[in-house]
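*Asks:* Supplied in structure tokens, the structure appears directly below.
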Amino acid sequence: GKSTFLDDIFNFNRDAINDETIDILHPYISAPDFTYEDAKKASGNVAGLCTWIKAMDMYTTIAKVVKPKMEQLRAAESKLKVANAKLAKAQGELDAVQKELQDMQEQFDQAMATKQ
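The working numbering applies: residue 3 is where the sequence shown begins, and numbers increase by one.
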């Protein structure tokens, strides 16, 4: 049968990597000979896999910092959307009151002009 290994690598759910997996891999990833150059001596394919594993490790480390910030951003954007809706409503009410005030001022000015 056809190997799906490359497809599996390309479609790998990197967000599914957990701390336990990283802890298991850490002794290997941190080994001094776990480098692209050393892996290439064995096989070009292994070298690529070595690079990919290190990239997934780095992604997981960075994601621990970035994901909470992204969640905070989504929450803040949600609050902003609600605040902007309230602002738009209040601005509409203010515009209506200002129009009414302007109309009254015009009526007053006309009444005063007629009185003179």
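For each residue, glycine too, the CB sits at the ideal point set by N, CA and C.
For clarity, every value in this text was computed on a predicted model and none was experimentally measured.
Taking C-alpha atoms, which residue in His28, Pro29, Lys91 and Lys56 lies nearest to Tyr38?
*Replies:* Lys56
*Asks:* Is the beta carbon of Asp59 less than 8 Å from the beta carbon of Ile11?
*Replies:* no
*Asks:* Measure the CB-CB distance between Ala49 and Lys42 and report whether it falls below 8 Å.
*Replies:* yes
*Asks:* What would DSSP say about Ala33, mapped onto helix, strand or coil?
*Replies:* coil
*Asks:* So, are the CB atoms of Thr62 and Ile19 less than 8 Å apart?
*Replies:* yes
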